[in-house]
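Just below is one structure, and these are the notes that go with it.
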Amino acid sequence: MKPNQIASLERLYRRRVPPDELITAELAGRMVEISREIRRQIGVLIDRHGAVEYVIIGDEKGIFIPELSDYPLGRRLLRGLRYIHTHLKGESFSEDDLTDLALLRFDLMAILQIHPDDRRVAIQTASLTPTAGAAHPYRVEASEPLATFRMDFGSSVSHLERELEKAVATEAREVAASGERAILISVTKESREEAEDSLEELKELARTAGVAVLDVVIQRPRQFNPRYLMGEGKMREVVIRALQLGATILIFDQELSPAQVRSISEMTELKVIDRSQLILDIFARRATSLDGKVQVELAQLKYILPRLTGRGVQMSRLMGGIGGRGPGETKLETDRRRIRDRIAKLERELEELSRGRQQRRQKRVRAGLPIVSIVGYTNAGKSTLLNALTRSHVFTENLLFATLDTSTRRLRFPREREVIITDTVGFIRSLPKSLMGAFKATLEELQDADLLLHLVDCTNPRVEEQIHQVETILEELDLGDKQRLMVFNKVDILPELKKKSPLGFMKVRQLSRRFNAITVSATNPSSLESLLQEMERRFWPSSPQS
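The sequence shown runs 423 to 968 under the working numbering.
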């Protein structure tokens, strides 16, 4: 472009628009004049005070909108910027224009339609719609001649913002102002039933983390998209839906690669996490002992390290020696180095804690006391059972991973006999290998156990799958040869299950017979007698039963 054309564009920044007007006739006329002269689309982004914040130059067919880091969405439902640009052939909004409106949440978008065969100029506007169930997340108005166009912009945007807030409040009425609101996403080749089951569990994980679920999305593609996991078009639809509902976070049921997190984050300002990161967040909330805190921090740092992003290798330190030092370390490299140093320190600390645990376990082994470990799927009632057996007060709550730290108590039998009983962290399906380190204390306890009590929530609709998942994890941990006792918990709810689902009730009875399980209700101590008798029989088989 010529210097005088660049100067004309720069002078657009000096223009001011009254807060109640969309655009002044003078600014619109100047934009049209420059656009005709340079044969390119030009656009302006104007804030709510009427200041021109950005002037953007495109080509004849479109404009690329820059990163709007000075106007982040955060918890706001609108960007605080109106976007007005020219169309050189008098055409209406393109699909890209409307997608930008929905994704970037502009207060309003307008196009100045320049007719190439005469001096006529029309204006057309589009805005977001507050109706979540609408066919499109935007409303497009009819074109009007620019000379007769009138709009009270200030009142229009205030009304739209109130309507959007009302729609979001209706969708997430139960969420506190500070709470996260999520869209759950599953991209899988498994059956729809499997995907729905896994998403139900992800919902429970979200509830445990204090996240309200606004919607779920399942896609079963023929092949996975390496950039977005799901197709790019579908990803844009999900982001627009999330913004419509006022979501603050996208949670994927599948583990995302660092590159996929970056690609999706470039498309939206919403937070993007996967199942692993959600579980780590829950672990961080629930860990109370030094062991648990160290393990969780270590797992988090190992997860974060490959996901750090920066400006690329061009700023990295070059080869050593004179003349080859380069510009020094970037902040990215410094962060990575600090994380690696912290990981090394935590691993040394964990090693010391592990030696302490080993010494305590050796004392128990020397004392000759049998060791019982309660294992099972998360939220099966392990801590509640430990409390009922030993009359202790380990924290319990109807949440996944309510307790992360290992709890050990003594259980006294008649004739002055005792066993050591340990409550362990619950297992869960598809637990990534990267998170197994957070189970280290639990796994060490299981290695020394003489008996594993496999506790099962027999009222769960996925009871058989949960049994299989726990058995699979035990096999992976080389604990398949450990003596096991299957215990079906929550039998007090079975009468209710029988009314709701007779088939489900019959399935529980069949599973109980197949696994020769003992049935208990951990909330009712009187139901534990048969379990205590069976444990006593296994440890002291020659003694007469009390």
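Glycine included, every Cβ here is placed at the ideal spot set by N, Cα and C.
Look up I843 in the DSSP assignment and give the residues it is bridged to. DSSP, once it has assigned bridges, lists V794, R831 as partnering I843.
For R437, collect the residues of the same chain with a Cβ closer than 6 Å to its Cβ; drop the 5 residues on either side in sequence, then sort them by chain order. L449, V474
DSSP three-state assignment for G512, whether helix, strand or coil: Here DSSP, grouped into helix, strand and coil, assigns G512 to coil.
With a 10 Å radius around its C-beta and 16 neighbouring C-beta atoms as the bar for buried, classify G465 as buried or exposed. buried
Let me check understanding here. Comparing Cα to Cα, which of S776, E755, E677 lies closest to V716? S776 is the residue among S776, E755, E677 whose C-alpha sits nearest the C-alpha of V716.
Between the Cα of P643 and the Cα atoms of V661, A617, E626, T756, which residue gives the shortest distance? A617
Complete beta strand (DSSP E) runs within the stretch 624-689 (minimum length 3 residues, chain order): 633-641, 671-674
Determine the DSSP secondary structure at L520, reduced to helix, strand or coil. helix
Which two residues bound the contiguous beta strand (DSSP E) that contains R436? Looking at the DSSP string, R436 is not in any beta strand (DSSP E), and its letter there is neither H nor E.
Taking just the CA atoms, how far does I536 sit from E566? Approximately 12 Å, taken between the alpha carbons.
Below 8 Å between beta carbons: does that hold for L624 and I704? no
Got a sec? Which residues, its chain only, sit under 8 Å from I744 by beta carbon, not counting five neighbours each side? Legend: pLDDT at I744 = 36, less than 50; position of this residue unreliable, value from coordinates given subsequently. Around I744: no qualifying Cβ.
N- and C-terminal bounds of the beta strand (DSSP E) containing S608: In the DSSP assignment, S608 falls within the beta strand (DSSP E) that extends over 602-609.
From R959, L877, H509, residue whose alpha carbon lies closest to that of F937: L877
In terms of residues, what are the limits of the beta strand (DSSP E) holding R561? For R561, the enclosing beta strand (DSSP E) starts and ends at 560-562.
Between the Cα of Q869 and the Cα atoms of Q666, L525, S795, S516, which residue gives the shortest distance? S795
Taking a contact to mean a Cβ-Cβ separation below 8 Å, would you say V633 touches I605 in this structure? no
Counted within 10 angstroms of its Cβ, other Cβ atoms place P552 as buried (16 or more) or exposed: buried
How big is the Cα-Cα spacing for S514 and G668? 28 Å
Taking only three categories from DSSP, how would you classify R584? If DSSP states are grouped into helix, strand and coil, R584 belongs with the helices.
What are the residues that DSSP puts in a beta bridge with G465? I478, H507
Less than 8 Å separating the beta-carbons of L520 and A544? no
Could you compute how far the alpha carbon of R733 sits from the alpha carbon of E755? Any reading at R733 needs caution, since the residue's pLDDT is 37, under 50, leaving its predicted position unreliable; the model's value is listed next. R733 and E755: Cα-Cα distance of roughly 10 Å.
E587 and L499: beta carbons closer than 8 Å? One thing to note: E587 has its Cβ within 8 Å of the Cβ of L499.
According to DSSP, is E956 part of a helix, a strand, or is it coil? helix
Considering only DSSP beta bridges, list what S549 is partnered with. R561
N946 by DSSP, collapsed to three states: which one? In this structure, N946 counts as coil in the three-state DSSP scheme.
Near L807, what residues of its chain come up, given a Cβ to Cβ distance below 7 Å and the 5 sequence neighbours on each side ignored? I796, L877, N911, A944
Considering only C-alpha positions, which residue in the set A721, S934, S952, R658 is nearest to E691? Measuring from the Cα of E691, the nearest candidate turns out to be R658.
Beta-carbon contacts of E887 that lie in its chain and below 8 Å, excluding the five residues immediately before and after: D619, R851
Is the beta carbon of E840 less than 8 Å from the beta carbon of R832? yes
Which one of M689, F528, L510 has the shortest CA to CA distance from I479? L510
Ordered along the chain, which non-local residues of its own chain (more than five positions away) have a Cβ less than 6 Å from that of M652? Listed in chain order, the non-local C-beta contacts of M652 below 6 Å within the same chain comprise V609, Q641, local neighbours out to five positions each way being set aside.
Do R461 and E432 count as a contact pair if the criterion is CB distance below 8 Å? no
Counting only beta-carbon separations shorter than 8 Å, does A617 have a partner in chain C? Absent here is chain C; the protein component of the structure consists of one chain.
Can you have a look at D529 and say buried or exposed, based on whether 16 or more other CB atoms are within 10 angstroms of its CB? Per the 10 Å Cβ criterion, buried.
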